[in-house]
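Here is the structure we will look at, set down as structure tokens.
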Amino acid sequence: MLEVFICEDNDEQRSQLTKYISDYIMIENLDMKITLSTAHSKEVIDYVQRNNVVGLYFMDVDLKEEKNGIVTAAEIREHDPQGSIVFVTTHSELTYLTFTYKVEAMDYISKDQYTDLKKRVLECVKTAYNRYMKNNYNNRKLFQVKSGEKMISVDYNDILFFETALQPHKLILHTVNRQVEFYYKLKDVLNIDSRFYRCHNSFVVNKDNIAEIDTARREIIMINGQKCFASNRYLKGLKGVAIK
Amino acid sequence: MSDLMNTTIQTITIAFSIYILFQYQFSKKLLAALVLGGGVLGYPLYLWQGIIGVFLLLIYWVALIVIFHRKVFTGIVFPVIALIISVMSDYINSSMLFLLDISIDRNQSSLILSALLVVNCIVTLLLSFVLSYLFSNFFKQDSFMRSYGTVFATLSIVTLVIFYINILIGKQSGFSDENIRANSILFIFYFAILIGVCILLTKMIVKEANMRNQQVQYERLQEYTENLEQMYTNMQKFRHDYINILLSMSEYIRAREIDKLEHYFDNNIMPISMHMKSNSYKLGSLHNLKIQEVKGIISSKIIKAQEMNIDANVEVVEPIEVLRMDPVNLCRCVGIILDNAIEEAQQCKKPFVHVALVRKGNSTLIIVSNSSRPTTPELHKIYEKGFSTKGPNRGLGLNNLRDIVASCNNVTLDTQILDGKFTQVLEIAE
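Protein chains in written order, with my numbering: chain A, 284 to 527; chain B, 67 to 496.
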């Protein structure tokens, strides 16, 4: 059951939001319910603290309280790491990056475009619901690691290789569309999955994403053309690798 | 105590000196080539050409470093300096012996002679450490090395030549004790003055670099202030219009003229709300960023982006007062990231550059997200040294970024291309 929380201090807007969502849940017969619809963020936080919740939260950023909506959402996020947070705000796009990175918000809705409001709200409900259902039957393997304040979450299938950065204790994870630095030990990576193979002192490669192995130059060419190095010692272990 | 041992150990020591001066940055292979080459070639060259043979060895070392370490200026200067240090330590040694009233000649027991050799090497290495430390600060200002670099290079080479001419002359006249004494004093004096001049020059260069930075900083803050003043004027205007509009609307309401009210609302309120979205407000949250240099560079680049019709804005929701990163490096990183973002965005149909500074737990994230063409090159290509869509001889920016981030142990970089958006996140831990 995906629980919905609405936090908005303007009474008309709050009842409007609540109505849109509850109607939609009923019509589409979704496994969801509106747990709380309130003007006070404290109620939402208390509830989340006392219960084990996976929720969909509609937060007004400009609540006229001491704590602003973003800080409240950060607290909610601490108790519900998987929930979907949607910000409803008058500031247009002015803080969407902050929402995304500070709180991992799913989306934001701008009150400025009031003609679209209902459509946007329902889109969010649908997305959150789909996400919730997918997570329950999830068999996608994710490489998850906390580095500093970030949670890095990458599908195993997307990982090309890991490389030691010039800094000690830092690694760089390469995927086709991403290069992210994080604190980790190269040898710990090997213990995670059998497809990760140490091909060089400074590289651990994902065998599933190798396109070609150039033994003369001792280079491994990945499916996107990116190259990483292999050393003589470890090249032999790659002989049996099925080339994509 | 054979000459062979003597020259070989000295040349090996000089090779290590060079390694120290370079702050241990050589690959193991290069170090081995320098040391072994020095050891093997030292004695034969000495036999062949006498003391001048060492210059040929010098050329060998310089060539190795220039070719394999790829640094021309330091590749020439540091070996020369290492050689000078070696000569210096020799003279320091003889001065010490003279002061302690010990007289050495070649017939002394080999034990004492080897002890002397060891002392010589130790002094050479010590001097290298000292100079290496002095130089380490200087070489952070690498863009100014080019201007003063030739001065240093010439000074060092001239010094070395003078030293050796003197040695040669001394050799002609037979290396009497007096001769050696005089030489020692002369050289130590000269060396001291030289070091003094170098330190002064270094200080001047650093000062000049700082002044240039300050100037740029100042200009950026000027821009920022102008932007603020513009915003203030706009706000005044808005206040004025707002009061008028409320007045008109209250009139319509009082007279219950709803249609006219609706018409008035559509024609007057909507345009104002559009106006409020204007560019000057998009920098508004920068007031939360208390670090002046970063504020300056962000506002300056965003304003430029706005002038290029790129939708550019900045988010700083919470106050950010301190970042644990050296301001010069921080500004360079932010500058490179923003430049790249703006250049890529310019080429898109719907250009945008969004910047955010977010406090998360014990770190601060600096996020730059820009629109990206579907035909934009792949991520790993973009980071390749020398790769650039703008033509040859460019493409060092992102590579430099990587290097700077690598030199800070509390900073990480996350680059991602997703759904037509190119995002860079710089995380600075406390």
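Where is the CB? At the ideal position from N, CA and C, for every residue including glycine.
Over the uninterrupted beta strand (DSSP E) stretch that includes residue i, give me the two end residues.
i: glycine 104(B); result: Careful: glycine 104(B) lies outside any beta strand (DSSP E), inside the alpha helix (DSSP H) at 94–115.
i: arginine 297(A); result: No beta strand (DSSP E) contains arginine 297(A), which is instead part of the alpha helix (DSSP H) from 294–311.
i: aspartate 392(B); result: Aspartate 392(B) -> no beta strand (DSSP E), and no H or E assigned at all.
i: asparagine 515(A); result: Looking at the DSSP string, asparagine 515(A) is not in any beta strand (DSSP E); the run it does join, the alpha helix (DSSP H), is 515–518.
i: leucine 285(A); result: 285–290
i: valine 424(B); result: 418–426
i: histidine 457(A); result: 453–458
i: threonine 373(A); result: Run containing threonine 373(A): none; DSSP gives neither H nor E here.
i: leucine 484(B); result: 477–484
i: valine 336(A); result: Run containing valine 336(A): none; DSSP gives neither H nor E here.
i: alanine 388(A); result: Here alanine 388(A) belongs to no beta strand (DSSP E), and DSSP marks it neither H nor E.
i: aspartate 377(B); result: 377–382
i: isoleucine 504(A); result: 502–505
Could you spell out where the alpha helix (DSSP H) holding residue i opens and where it closes?
i: valine 331(A); result: 324–333
i: glycine 463(B); result: 463–473
i: threonine 74(B); result: 69–87
i: isoleucine 493(A); result: Element bounds for isoleucine 493(A): not the alpha helix (DSSP H) but the beta strand (DSSP E), 493–497.
i: glutamine 427(A); result: That residue, glutamine 427(A), is in no alpha helix (DSSP H); its beta strand (DSSP E) goes 425–430.
So residue i and residue j are supposed to be a Cβ contact under 8 Å. How far apart are they, rounded?
i: arginine 286(B); j: serine 351(B); result: The Cβ separation is near 17 Å, so there is no contact.
i: valine 101(B); j: serine 155(B); result: About 18 Å; that fails the 8 Å criterion.
i: lysine 347(A); j: aspartate 292(A); result: 6 Å
i: serine 437(B); j: phenylalanine 418(B); result: 5 Å
i: lysine 453(A); j: threonine 268(B); result: Not really, about 32 Å apart at Cβ, beyond 8 Å.
i: isoleucine 75(B); j: leucine 183(B); result: 6 Å
i: phenylalanine 426(A); j: tyrosine 412(A); result: That belief does not hold up - the Cβ atoms of phenylalanine 426(A) and tyrosine 412(A) are roughly 26 Å apart, past 8 Å.
i: leucine 130(B); j: alanine 99(B); result: 6 Å
i: threonine 410(A); j: lysine 394(A); result: That belief does not hold up - the Cβ atoms of threonine 410(A) and lysine 394(A) are roughly 19 Å apart, past 8 Å.
i: glutamate 381(B); j: alanine 422(B); result: 4 Å
Cβ of residue i within 8 Å of Cβ of residue j?
i: asparagine 388(B); j: valine 360(B); result: The amino acid occupying residue 388(B) in the given sequence is valine; asparagine does not appear at that position. Not in contact: valine 388(B) and valine 360(B) (Cβ atoms no closer than 8 Å).
i: asparagine 293(B); j: isoleucine 369(B); result: yes
i: serine 435(B); j: alanine 495(B); result: no
i: serine 161(B); j: serine 239(B); result: no
i: leucine 300(A); j: valine 404(A); result: yes
i: tyrosine 126(B); j: threonine 73(B); result: no
i: tyrosine 384(A); j: serine 430(A); result: no
i: serine 180(B); j: glutamine 89(B); result: no
i: phenylalanine 134(B); j: leucine 87(B); result: no
i: arginine 414(A); j: serine 367(A); result: yes
i: serine 152(B); j: isoleucine 223(B); result: no
i: aspartate 324(A); j: lysine 350(A); result: Aspartate is not the amino acid found at residue 324(A); the sequence shown has serine there. Contact: yes.
i: arginine 478(A); j: valine 487(A); result: no
i: aspartate 390(A); j: valine 408(A); result: no
i: isoleucine 317(A); j: valine 287(A); result: yes
i: glycine 472(B); j: alanine 448(A); result: According to the sequence as given, residue 472(B) is alanine; it is not glycine. Yes, the pair counts as a contact, with Cβ atoms nearer than the cut-off.
i: glutamate 493(B); j: lysine 402(A); result: no
i: threonine 77(B); j: glycine 105(B); result: yes
Cβ closer than 8 Å: which chain A residues qualify as neighbours of residue i?
i: threonine 507(B); result: What the structure shows of chain B is the stretch from 67 to 496, and residue 507(B) is not part of that stretch, so it cannot be assessed.
i: asparagine 186(B); result: What asparagine 186(B) touches in chain A: nothing, since even the nearest Cβ is about 35 Å away.
i: asparagine 466(B); result: Within chain A, no residue comes near asparagine 466(B); the closest Cβ sits about 13 Å away, beyond 8 Å.
Could you name the residues of chain A that residue i contacts, counting a contact when the two beta carbons are closer than 9 Å?
i: lysine 95(B); result: Chain A residues near lysine 95(B): none, gap ~14 Å exceeds 9 Å.
i: serine 429(B); result: Gly431, Glu432 and Lys433
i: alanine 499(B); result: With chain B represented from 67 up to 496, any question about residue 499(B) goes unanswered, as that position is not in the structure.
i: asparagine 293(B); result: Those do not exist, as asparagine 293(B) stays about 16 Å from chain A at its closest Cβ, beyond 9 Å.
i: leucine 484(B); result: Asn460 and Arg461
i: tyrosine 449(B); result: Gln462
Going along chain B, which residues have a C-beta under 9 Å from residue i?
i: isoleucine 353(A); result: Val383 and Glu384
i: tyrosine 384(A); result: Ala422, Val424, Lys426, Leu431, Ile433 and Val491
i: asparagine 413(A); result: Within 9 Å Cβ-Cβ: nothing; asparagine 413(A) doesn't reach chain B, min ~17 Å.
i: histidine 457(A); result: Leu445 and His446
i: lysine 453(A); result: Ala472, Asn475 and Thr478
Applying a beta-carbon distance threshold of less than 7 Å, which residues of chain A neighbour residue i?
i: serine 435(B); result: Leu380
i: alanine 472(B); result: Ala448, Leu449 and Gln450
i: leucine 404(B); result: Ordered by position in chain A, no residue passes the 7 Å Cβ test against leucine 404(B), which lies about 14 Å from the chain.
i: tyrosine 109(B); result: Per Cβ cutoff of 7 Å: no residues; tyrosine 109(B) is ~35 Å from chain A at best.
At 8 Å on the CB atoms, spell out the chain B contacts of residue i, in chain order.
i: asparagine 507(A); result: Glu444 and His446
i: histidine 323(A); result: Going along chain B, no residue has its Cβ under 8 Å from histidine 323(A), so there is no contact; the nearest lies around 21 Å.
At 7 Å on the CB atoms, spell out the chain B contacts of residue i, in chain order.
i: histidine 483(A); result: What histidine 483(A) touches in chain B: nothing, since even the nearest Cβ is about 15 Å away.
Q.
Assess contact between the stretch 439–451 of chain A and the stretch 497–515 of chain A, defined as three or more Cβ pairs (one per stretch) separated by less than 8 Å. Is contact present?
A. Counting C-beta pairs with one atom in each stretch, the stretch 439–451 of chain A and the stretch 497–515 of chain A have three or more that are closer than 8 Å, which means they touch.
Q) How about the stretch 323–338 of chain A and the stretch 352–363 of chain A: do they share at least three Cβ pairs that are nearer than 8 Å? A) With a cut-off of 8 Å, the stretch 352–363 of chain A and the stretch 323–338 of chain A count as touching, because enough Cβ pairs lie within range.
Q: Scan the stretch 70–91 of chain B for residues whose Cβ lies nearer than 7 Å to a Cβ of chain D and list them as they occur along the chain.
A: Among the protein chains in the structure shown, which are A and B, there is no chain D.
Q: Count the CB pairs spanning the stretch 217–232 of chain B and the stretch 253–261 of chain B that are closer than 8 Å, and state whether there are at least three.
A: yes
Q. At a cut of 8 Å, does the stretch 408–415 of chain B reach the stretch 369–386 of chain B through at least three beta carbon pairs?
A. yes
Q: Check whether the stretch 476–483 of chain B touches the stretch 454–462 of chain A, counting contact only when three or more Cβ pairs, one atom from each stretch, lie closer than 8 Å.
A: Counting C-beta pairs with one atom in each stretch, the stretch 476–483 of chain B and the stretch 454–462 of chain A have three or more that are closer than 8 Å, which means they touch.
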